[in-house]
Amino acid sequence: MPLSHDHIRTTVETYLARHPHEREQLGGLLDALERPTDIASRSTFTGHVTCGAIVVDQFGRVLHVLHLASGRVLAPGGHAEPEDESLAAAALRELHEETGIPPQAVAPWPGYESVPFDIDIHDIDAHPGKGEPGHQHFDLRFLFRLPSATEEPVVLQEEEVGGIEWRPVDRVTSPSLRDKLLKLPPKTEPDTANASALIYNDRGEYLLHLRDYFPGRIWEPGMWSLLGGGREPQDATLEHTVRRELAEETGLHIADLTPFGTEYASDHAGATVPIAIYAGRWNGDPRELRLTEGVMLAWFAPDDLHRLRIADTTSDLVRRHAASLPANASSTASQSGLSSHEERRPASPHGTVLNVIGVHLYLERPDGTVLLGLRHPDSAFAPSTWHVLAVH
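The opening residue of the sequence shown carries number 756 in our numbering; numbering runs sequentially from there.
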């Protein structure tokens, strides 16, 4: 499945949110995104996307290859292919094809898990022998590091690559890339990279996952969270991570996931953990999914998040995404100050003595499972506790 127009547009806009001063110089790319042509196809000669892998080793050197077609020394990269699931995945595939370095051997630079490090527009000469006129490449470059413990053998793609070279940052060939690398603060990535899915429906609701209540054994026990998890060795990119986690935890496949941003959470030790967030639309019934981890899945409107045990960072993330969508009329009822089941009662006669009668419903299935509800954290009785359904 070719890379979607929306995925490319979202990726470019996320980049420009960090580098707003580059909007004018990337005008050609923005204009191309307004046209109905397939900007990911190499046969779109009004200009098309290419993807590069900027790989930095433990000594701070940057990987370059000699491209035989142009005779230039550049970072690994090339055209997107229909099987690429994301722009970052295309960059990693090109890295593997041109140098033999597998995607699992490198890790995204912290803070650039789903955002290009640099975008460059350059002209490509005509190749009459291939029937290709002169055109432009919109080169989206993703930043990776090669861990110090990794010693990957280099296997060159002989028909396209004449050799490799590790260059210090001040000798990087691209001026825009060199300037950004020189300003990049030295960082090391946490041992585990994480990715989560921000899934929403056409009603403006968000799919949340109630985690198991195992304090000390799992992260954020008993809290509502996004589906997702940590990167495994077989995951080429963090998009692969979130897709694998969705499949493993729910059997859910969402065709178009787009990078939305990065959430910064705290682990058991209080260390900050970056989580790449991918957003996708789905209008199914979570009760029909086969949940393999946690307690349950449910849809929630942003206005209802204050009723849940949920991390502030997750709540803020949902609200930021909701603010970027068209206004949802379904939130009108919650803004009225009354819940949907709440009704106005007449005042009691003078002298009435209040006698509260409590009714509990114990509902059991033939298989022995019992229906419980999680009480509101502000409830006067048994707050944040699973309880049989009850009412006065």
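All C-beta atoms in this analysis are idealised placements derived from N, C-alpha and C, irrespective of residue type, glycine included.
- Remark: C-beta atoms of G1035 and L1007 do not approach each other more closely than 7 Å.
- The shortest CA-to-CA distance from G959 to any of V1073, E777 and I809 is the one to V1073.
- Within a 10 Å sphere around the beta-carbon of H877 sit fewer than 16 other beta-carbons, which makes this residue exposed.
- As the crow flies, the alpha-carbon of H819 is around 13 Å from that of D925.
- Out of H892, G807, L1080 and R998, the CA that lies nearest to the CA of L784 is found in H892.
- Within its own chain, the residues whose Cβ lies closer than 8 Å to the Cβ of L842, once the five positions on either side in sequence are excluded, are L758, H762, I763, T766, V804, C806, A835, P871, L895 and F897, listed in chain order.
- Assignment of I763 by DSSP, reduced to helix, strand and coil, places it in the helix class.
- Between the alpha carbons of E1048 and L1001 lies a distance of about 11 Å.
- Considered as a whole, the region 922-967 harbours 949-955 and 961-965 as its complete beta strand (DSSP E) runs of no fewer than 3 residues, in chain order.
- Leaving aside the five residues that flank A1053 on each side, the residues in its chain whose CB is nearer than 7 Å to its CB run, in chain order, L963 and P1041.
- The continuous alpha helix (DSSP H) containing T854 extends over residues L842 to T854.
- Unbroken beta strand (DSSP E) stretches of 3 residues or longer found wholly inside the region 1050-1082: 1051-1055, given in chain order.
- The C-beta of R848 has 16 or more other C-beta atoms within 10 Å across all chains shown, which makes the residue buried.
- The residues V1125, L1126, V1143 and L1144, in chain order, have a CB closer than 8 Å to that of L1118 in the same chain once the five nearest residues on each side in sequence are set aside.
- Around the beta-carbon of R972, fewer than 16 other beta-carbon atoms lie within 10 Å, marking it exposed.
- For the options Y1019, L1046 and G1039, the alpha carbon positioned closest to that of Y867 is the one of Y1019.
- Annotated as distal: G832 and V910, with beta-carbon spacing of 7 Å or more.
- Sequence-distant partners of A1077 (beyond 5 residues in either direction) whose C-beta falls short of 7 Å from its own C-beta, in its chain, are G959 and P1057.
- The shortest CA-to-CA distance from I1030 to any of G984, E1043 and L1063 is the one to G984.
- DSSP places H1008 in no beta strand (DSSP E); its state is neither H nor E.
- Put simply, the backbone Cα of N956 is about 10 Å away from that of F1055.
- Rounded to the nearest whole angstrom, the CA to CA distance from R922 to V817 is 5 Å.
- Counted as a single uninterrupted DSSP element, the alpha helix (DSSP H) harbouring G782 occupies residues G782 to E789.
- Counting the other CB atoms within 10 Å of its CB gives D875 a total of 16 or more, which places it among the buried residues.
- Rounded to the nearest whole angstrom, the CA to CA distance from P791 to E838 is 21 Å.
- The DSSP-derived three-state label of R816 is coil.
- Note on S1139: under 16 other CB atoms within 10 angstroms of its CB, so exposed under the neighbour-count rule.
- Sequence-distant Cβ neighbours of S869 in its own chain, meaning closer than 6 Å and more than five residues away, are P1014 and A1031.
- For the pair G782 and L939, the Cα-to-Cα distance works out to about 25 Å.
- Rounded to whole angstroms, R900 and A862 show a C-alpha spacing of 5 Å.
- Sequence-distant partners of T1017 (beyond 5 residues in either direction) whose C-beta falls short of 7 Å from its own C-beta, in its chain, are G866, E868, P1029, I1030, A1031 and I1032.
- Closest in C-alpha terms to G1113, from the list H995, P1132, H1147 and G1128, comes H1147.
- One thing to note: D873 has its Cβ no nearer than 7 Å to the Cβ of L953.
- Under the DSSP assignment, V1114 falls in the beta strand (DSSP E) whose first and last residues are V1114 to L1116.
- The DSSP-derived three-state label of E1018 is strand.
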